[in-house]
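Protein chains in written order, with numbering that gives the first Met the number 0: chain A, 0 to 134; chain B, 0 to 134. Note that beta-carbon positions come from the ideal geometry of N, C-alpha and C, so glycine has one too. Shown next, in structure tokens, is the structure this report addresses.
There are 2 protein chains.
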Amino acid sequence: MNVKGGMTIGEAAKRSGVPPKTIRFYEDAGIIAPAARGDNRYRSYGESEVQTLRFIHRARGLGFSLKDVGELLALYRDRNRASREVKALALRHVAELDRKIAELSAIRTMIAVLAERCHGDERPDCPILDELDKA
Amino acid sequence: MNVKGGMTIGEAAKRSGVPPKTIRFYEDAGIIAPAARGDNRYRSYGESEVQTLRFIHRARGLGFSLKDVGELLALYRDRNRASREVKALALRHVAELDRKIAELSAIRTMIAVLAERCHGDERPDCPILDELDKA
DNA sequence: TTGAAGATTCCATCATACTGGAAGGATGAT
DNA sequence: ATCATCCTTCCAGTATGATGGAATCTTCAA
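Here you go:
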């Protein structure tokens with residue numbers, strides 16, 4: 000075995016959905032902290048690391064850049080630092096997320112309308128992009 | 000002047016937020032149709048093209064790939080084709096958007112909680128990533 | 001009419017985010 | 001013991017999505 004109860008990079012990959020290569024890449028890129036190593040020099044991961052990887056996986060799937068993800072993770076790690084700047088950063092992210100959610104909702108509505116109202120319809124125009132612009 | 004009332008690529012760029020280079024790139028990549036040309040071989044754009052560019056701009060900002068954007072635009076263009084497949088594709092996108100919106104909302108909540116509850120607090124753990132996993 | 005500004009094409013380069021492959025060491029089941 | 005499988009590092013290559021620059025027109029305003 001390795002570091003007390005830790006899992007290998009392969010197991011962490013399976014549990015998180017992030018391939019081993021990509022996990023190493025994230026480590027090199029400084030997105031995650033260097034993993035603990037066992038006597039055999041293998042990286043060792045615990046549940047919290049897997050959780051972080053899962054978070055990265057989901058955030059990436061939502062279109063966040065690695066830079067964004069790093070900032071979100073730093074925010075999480077620094078949650079006890081009580082700094083005004085950290086709070087301000089968090090609030091900026093919340094505002095940004097609200098904007099994203101609103102825009103996604105607008106697009107969702109547009110696509111839903113396309114699916115429900117316009118299919119097979121011979122009307123020459125469904126002015127949906129117009130409506131979206133007003134949203 | 001150019002094609003009846005059309006604007007140049009530079010104007011379209013200003014109105015849409017997409018730089019001229021990028022507009023040409025989108026044309027080359029087949030994301031948008033080749034623009035009409037005037038006698039001087041300049042590309043000419045109307046309001047609807049600008050609207051499309053604005054849509055692309057926003058969708059890209061939301062993390063959609065150019066492939067996704069192309070598909071959404073095709074969906075819009077084909078809205079009168081009445082095909083079962085087009086409707087099915089639209090509904091798949093709606094489901095996907097609902098999922099994205101739900102995940103973004105979960106992350107939004109997490110960041111908001113970080114901002115409001117955990118700043119300056121000496122509690123050793125805010126189990127927010129855990130909660131997020133359940134979401 | 002003479003520039004400055006903005007258009008054209010084409011080709012190169014960049015940034016982000018992986019992904020593949022080689023060469024070698026460790027592990028684990030038969 | 002051996003063989004597949006997984007780990008290690010390192011370096012190269014790929015995919016996506018632009019972006020920069022050169023060389024050359026066109027337009028427009030002074």
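- At least 8 Å separates the CB of V68(B) from every CB of chain A.
- E48(A) sits buried, since 16 or more C-beta atoms from the chains shown fall within 10 Å of its C-beta.
- For the pair R53(B) and S104(B), the CB atoms are not nearer than the 8 Å cut-off.
- For the region 92–112 of chain A, the set of residues with a beta-carbon nearer than 7 Å to any beta-carbon of chain B comprises H92, V93, L96, D97, K99, I100, E102, L103, S104, I106, R107, I110, A111, in chain order.
- Partner residues in the beta bridge of M6(A), as assigned by DSSP, are Y44(A).
- When Cβ-Cβ separations below 8 Å define contact, Y75(A) makes contact with chain B.
- Look at the beta carbons and you see the region 90–108 of chain A not touching the region 2–13 of chain B: under three pairs across the two are nearer than 8 Å.
- Residue pairing from DSSP places R36(B) in a beta bridge opposite R42(B).
- With a cutoff of 8 Å on beta-carbon distance, E95(B) and L61(A) are scored as not near each other.
- G4(B) places its beta carbon 8 Å or farther from that of Y44(B).
- Put simply, of R83(B), A111(B), T51(B) the residue whose alpha carbon is nearest the alpha carbon of I30(B) is T51(B).
- When DSSP states are grouped into helix, strand and coil, V49(A) belongs to the helix group.
- Our two residues, L65(A) and R59(A), have alpha carbons roughly 7 Å apart in a direct line.
- Counting the other CB atoms within 10 Å of its CB gives A114(A) a total of 16 or more, which places it among the buried residues.
- Close partners of L90(B) in chain A (Cβ separation under 7 Å): A114.
- G62(A) sits in coil when the DSSP states are folded into three classes, being neither helix nor strand.
- At the C-beta level, L71(B) and H92(B) come within 8 Å of one another.
- For V85(B), the secondary structure class from DSSP, reduced to helix, strand or coil, is helix.
- For L61(B), the neighbours in chain A by C-beta distance under 8 Å run, in chain order, G62, K99, E102, L103, I106.
- K99(A) sits buried, since 16 or more C-beta atoms from the chains shown fall within 10 Å of its C-beta.
- Within a 10 Å sphere around the beta-carbon of R42(B) sit 16 or more other beta-carbons, which makes this residue buried.
- Any Cβ of chain A closer than 8 Å to the Cβ of K86(B) would place that residue at the interface, and such an atom is present.
- Under the 10 Å beta carbon count, A89(A) is surrounded by 16 or more other beta carbons and is classified as buried.
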